[in-house]
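Take a look at the structure below.
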Amino acid sequence: MSPKVAVNRAKLNEIPREKLMWMYEMIVRSRRFDDKLLTIISGFYHSGMGQEATGVGTCAHLRPQDYLLYDHRGCTQVIAKGLPLKKIFADFLCRIGGTCKGKGAGIVHIADPSLGILGQPGMLGGSFALAFGAAYSAKFRKTDQVAVCFFGDGTSNRGTFHETINWASVQKVPLVFICENNKYGMSVPSKLVTAGRIADRGLAFDVPGELVDGQDVIAMYEAAGRATSHARSGKGPYLIEADTLRFRGHYVGDNQTSRPAGETEEVKKRDPLVLYRCRLLDEKIAQEEELARVDQDIVTEVEQALKWANESPKPDPSIIYDHLYA
Amino acid sequence: MARVLSYREALNEALKQEMRRDPMIVSFGEDVGIWGGGFKVTKGLTDEFGAERNFDSPISENAVAGGAVGMAITGLRPVVDLQFADCCLVAMDEIYNRAAKWRYMHGGNFKVPVVFRGPMGVIGGAGAEHSQCPESIFMHCPGIKIAIPATPYDAKGLMITAIRDDNPVLFLEHKMLYDMKGEVTEESYEIPFGKAIVRREGTDITLVTWSMMVKTSLEAAEQAAKSDVSVEVIDPRTLNPLDKESILASLRKTGRLIVVHEAAKTSGAGAELSAIVAEDALYDLKAPIRRVCAKDIPIPQSGYLEPFCIPQVADVLVAIHDVMAV
Chain A
1 MSPKVAVNRA KLNEIPREKL MWMYEMIVRS RRFDDKLLTI ISGFYHSGMG QEATGVGTCA
61 HLRPQDYLLY DHRGCTQVIA KGLPLKKIFA DFLCRIGGTC KGKGAGIVHI ADPSLGILGQ
121 PGMLGGSFAL AFGAAYSAKF RKTDQVAVCF FGDGTSNRGT FHETINWASV QKVPLVFICE
181 NNKYGMSVPS KLVTAGRIAD RGLAFDVPGE LVDGQDVIAM YEAAGRATSH ARSGKGPYLI
241 EADTLRFRGH YVGDNQTSRP AGETEEVKKR DPLVLYRCRL LDEKIAQEEE LARVDQDIVT
301 EVEQALKWAN ESPKPDPSII YDHLYA
Chain B
327 MARVLSYREA LNEALKQEMR RDPMIVSFGE DVGIWGGGFK VTKGLTDEFG AERNFDSPIS
387 ENAVAGGAVG MAITGLRPVV DLQFADCCLV AMDEIYNRAA KWRYMHGGNF KVPVVFRGPM
447 GVIGGAGAEH SQCPESIFMH CPGIKIAIPA TPYDAKGLMI TAIRDDNPVL FLEHKMLYDM
507 KGEVTEESYE IPFGKAIVRR EGTDITLVTW SMMVKTSLEA AEQAAKSDVS VEVIDPRTLN
567 PLDKESILAS LRKTGRLIVV HEAAKTSGAG AELSAIVAED ALYDLKAPIR RVCAKDIPIP
627 QSGYLEPFCI PQVADVLVAI HDVMAV
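Just so you know, the sequences run in chain order A and B. Under the numbering used here, think of the first position of the first sequence as 1, with each following residue one higher. Under the numbering used here, think of the first position of the second sequence as 327, with each following residue one higher.
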């Protein structure tokens, strides 16, 4: 089986305009958040810049009660699931206003059960089994919740992926796997360590697998719609491989010496924000003035969110003894 | 007349009574379904509660252990059968890094009520990878409790407490104890964690031991009594939390400490207990501390060789003689 490629572009006028504008706003929000964050932190932050369309297109189908296991470049996913930017800044800055109450969180550990954001382990590939458990729990409690597990092409080689997709298929739990294939696991090019197409792995487990242009938010929206409907209707898990691009290095300060010269400039020609903005204008869904207003409002929102986080205090050091046992 | 059950039956009764009480409890693992578990502890659960609440897993220890965490943070109370305690080593990342740390890492946003059942210890020819006692590994892991029952009565009461606990609990059942008979109350009851029990009162030596080695140690104490040596045998029943106060109180009375455990000596739980006594009660000691433990070797496959590897009554008697000779 060759995975389906979503080449048939949906007509924008078939999608509610409100949803189209929501997706634009979320991509911009994530990008401006990322821009700002990169000016204030260093080291252990793995930017997902360039990959915003995957998280936004998917979360457009999720409700607060649906479960999210986000990935190591997953700030977009958390933002699109509804978490206010001020909380995320506060987590990165280790302030008590963050979701982890000052314990510190960043690209991992942001969590808000009221929004279905179930957190993230530091260990790559450590989310798969939890996502299975959350999906089993949803099925067991006879809700129509789905669990969505984001992961990278590098992590697709963890045994936990194979263990989980197998069991999820047997148990027919509502679990959507979304692989953001950005062609690199830290520094290592995917082609050196990953055999075949990740979407094709679904076939081995009797799970639908779909290859999608991850730079096209509408393609992602359409594919995630098929995936979540499939899962919600009791048909079991669904696998999406989003073909996407990483604009930045693995961490802040990574000089990306492992990438061919010129590649980082080349991938930016497939910027999901630029592609979507142009399309909204080309197809006359929105006018320049409206989009510019959204852009400006978000710049203001980001500034205010960071100010709020900066004003939130650091915790009392006694917090190191908190939260060990319930 | 008091009712007598085997350790296995006591555990089975605890599971059934708790599953009747709380519909959110699920039990799973390799062979726990119709077969009733590798050691038959889950016998009859599928018949009574159905395959949604007691079910077979694939041979996918990471998906099993991590899946339980995902269920626990979304409202279920899973009881997982690892089949052999040694299998925790296969699932180590999900237990040590996910279960034990999830609440802490995520600022107290979640509860993780999981019971990991691990049948442990030498049983006659199970070999190096199926005979281990892994308690000390987890004493080194803040965030997971350890229950380690030595009698049918304790097996039931500690299991009920473990299931009702909102934290992960490693529940170490000894394979050689499954057929042990003892009085067990029919009504449901809890045994609080962190409360040691004095198995035999004495005045000359404090002997701390648990699980299978309680039986060995009591036999040695009985023989020592014939030589007018009075051994107090204390079973902590849980190693985390550990009832330090009861151990230290006994030690202050006797002035002599022996620790007996089936796990290997080096960096075993006996090392920690010895360190506690050295830190808190050194000047109460009348004699050097003695540890009677397995040799620092893997357990050979040969059942004939096993008794030469783990503590026997004679080994405990040698230690008793040593500490009394000072």
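Cβ coordinates follow ideal geometry from the N, Cα and C atoms, glycine included.
Spatially closest choice to residue i from the options, by CA coordinates
i                      : options                    : result
residue 96 of chain A  : A:172, A:314, A:67         : A:314
residue 86 of chain A  : A:285, A:61, A:30          : A:30
residue 121 of chain A : B:426, B:484, B:504        : B:426
residue 117 of chain A : A:89, A:150, A:194, A:196  : A:150
residue 204 of chain A : A:164, A:147, A:276        : A:164
residue 456 of chain B : B:410, B:463, B:438        : B:410
residue 148 of chain A : A:294, A:74, A:46, A:104   : A:74
residue 25 of chain A  : A:274, A:136, A:312, A:159 : A:274
residue 362 of chain B : B:563, B:337, B:623, B:485 : B:337
residue 473 of chain B : B:630, B:632, B:596, B:567 : B:567
residue 360 of chain B : B:435, B:348, B:379, B:590 : B:379
residue 462 of chain B : B:382, B:506, B:536        : B:536
residue 294 of chain A : A:27, A:169, A:198         : A:27
residue 465 of chain B : B:341, B:565, B:356, B:619 : B:565
residue 139 of chain A : A:101, A:91, A:66, A:102   : A:66
residue 386 of chain B : B:417, B:609, B:375        : B:417
residue 12 of chain A  : A:219, A:113, A:198, A:186 : A:219
residue 266 of chain A : A:253, A:248, A:17         : A:248
residue 20 of chain A  : A:48, A:58, A:322, A:175   : A:58
residue 641 of chain B : B:588, B:342, B:594        : B:588
Residue j beta carbon less than 8 Å from that of residue i
i                      : j                      : result
residue 534 of chain B : residue 585 of chain B : yes
residue 539 of chain B : residue 498 of chain B : no
residue 82 of chain A  : residue 37 of chain A  : no
residue 558 of chain B : residue 592 of chain B : no
residue 396 of chain B : residue 177 of chain A : no
residue 524 of chain B : residue 560 of chain B : yes
residue 334 of chain B : residue 358 of chain B : no
residue 53 of chain A  : residue 215 of chain A : yes
residue 106 of chain A : residue 80 of chain A  : no
residue 124 of chain A : residue 310 of chain A : no
residue 291 of chain A : residue 270 of chain A : no
residue 613 of chain B : residue 582 of chain B : yes
residue 251 of chain A : residue 45 of chain A  : yes
residue 573 of chain B : residue 599 of chain B : yes
residue 235 of chain A : residue 142 of chain A : no
residue 332 of chain B : residue 515 of chain B : no
residue 517 of chain B : residue 487 of chain B : yes
residue 529 of chain B : residue 553 of chain B : no
residue 489 of chain B : residue 615 of chain B : no
residue 305 of chain A : residue 64 of chain A  : no
residue 175 of chain A : residue 231 of chain A : yes
residue 326 of chain A : residue 429 of chain B : yes
residue 639 of chain B : residue 546 of chain B : yes
DSSP bridge partner residues for residue i (one or two, in chain order)
i                      : result
residue 407 of chain B : B:355, B:443
residue 330 of chain B : B:509
residue 401 of chain B : The partner list for residue 401 of chain B (beta bridge, DSSP) is empty, contrary to what the question assumes.
residue 500 of chain B : B:446
residue 25 of chain A  : DSSP lists no partner for residue 25 of chain A.
residue 184 of chain A : A:189
residue 340 of chain A : One cannot answer for residue 340 of chain A here, as it falls past the ends of chain A, which runs 1 to 326.
residue 177 of chain A : A:149, A:239
residue 564 of chain B : B:473
residue 535 of chain B : B:586
residue 117 of chain A : A:68, A:112
residue 380 of chain B : B:353
residue 395 of chain B : Partner(s): none; residue 395 of chain B has no beta bridge.
residue 524 of chain B : B:560
residue 495 of chain B : B:441, B:471
CB-CB length for residue i against residue j, believed under 8 Å
i                      : j                      : result
residue 181 of chain A : residue 111 of chain A : Not really, about 26 Å apart at Cβ, beyond 8 Å.
residue 522 of chain B : residue 569 of chain B : 4 Å
residue 443 of chain B : residue 407 of chain B : 5 Å
residue 237 of chain A : residue 207 of chain A : 5 Å
residue 324 of chain A : residue 468 of chain B : 6 Å
residue 627 of chain B : residue 364 of chain B : 18 Å between Cβ atoms; not a contact.
residue 484 of chain B : residue 563 of chain B : 6 Å
residue 438 of chain B : residue 405 of chain B : With a Cβ gap of about 13 Å, residue 438 of chain B and residue 405 of chain B do not count as contacting.
Checklist entry - What residue ranges within the region 43-115 of chain A form continuous beta strand (DSSP E) runs of no fewer than 3 residues, ordered along the chain? => result 67-69
Item to check | Segments assigned beta strand (DSSP E), at least 3 residues, entirely inside the region 566-651 of chain B | outcome: 583-590, 616-620
Checklist entry - Unbroken alpha helix (DSSP H) runs of length 4 or more, entirely within the region 242-281 of chain A: which are they? => result 263-267
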